[in-house]
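Undergrad: Here it is: the structure, laid out below.
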């Protein structure tokens, strides 16, 4: 089992605090429901890449606009983060759209579609055999 490194611990702390900041402090109505899915921190703790999932929208343009809003607010978010986390170095933040949730849902829908089509091709007898 691998021990957690300092960058992992800092990343987890940043993820937790930014999630709270996005929920309670950011009041921009253009920003959709944003959740922090992961944080990658550089080895020197100078940079943090924050992966964000924008919920309640399937529109790529709105998701990209939300990420742009977050990147414009990095100074404000970084100052709030600095008040919550005691660290000598506060990393520069970069928000990135996390597409893994949407891609996972798309793959799941494709698998469901293939299963339905397969059942239709095999007919009603095959469905009864599967249940037994």
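Numbering (this note's numbering), first residue to last: 6 to 137.
We put the CB at the ideal spot given by N, CA and C, even for glycine.
Can you give me the Cβ contacts of residue 126 inside the same chain, cut-off strictly under 8 angstroms, excluding the 5 residues immediately before and after it?
TA: Walking along the chain shown from the start, residue 126 turns up at place 121. Around residue 126: no qualifying Cβ.
Undergrad: Evaluate residue 10 with the Cβ neighbour count: other Cβ atoms within 10 Å of its Cβ, from every protein chain shown; 16 or more gives buried, anything less gives exposed.
TA: Your numbering for residue 10 matches position 5 in the chain shown. The residue is exposed, with fewer than 16 neighbouring Cβ atoms inside 10 Å.
Undergrad: Please report the straight-line C-alpha distance between residue 116 and residue 108, rounded to a whole angstrom.
TA: Here residue 116 refers to the residue found at position 111 of the chain shown. Here residue 108 refers to the residue found at position 103 of the chain shown. If I take the Cα positions, the gap works out to 12 angstroms.
Undergrad: Restricting to Cα atoms, I'd like to know which of 69, 97, 91 is closest to residue 48.
TA: To locate residue 48, count along the chain shown from 1; it is residue 43. Of the candidates 69, 97, 91, the one whose C-alpha sits nearest the C-alpha of residue 48 is 97.
Undergrad: Check each candidate in 50, 44, 53, 65 and name the one with the smallest Cα separation from residue 37.
TA: For the purposes of this step, residue 37 is taken as the residue at position 32 of the chain shown. If we check each option's Cα against that of residue 37, 65 comes out closest.
Undergrad: By the DSSP assignment, the alpha helix (DSSP H) with residue 82 in it spans what residues?
TA: Indexing the chain shown from 1 puts residue 82 at position 77. Residue 82 -> alpha helix (DSSP H) spans 79-89.
Undergrad: Between residue 110 and chain E, is the shortest Cβ-Cβ distance under 7 angstroms, so that the two count as touching?
TA: This model lacks chain E altogether, as it is built from one protein chain only.
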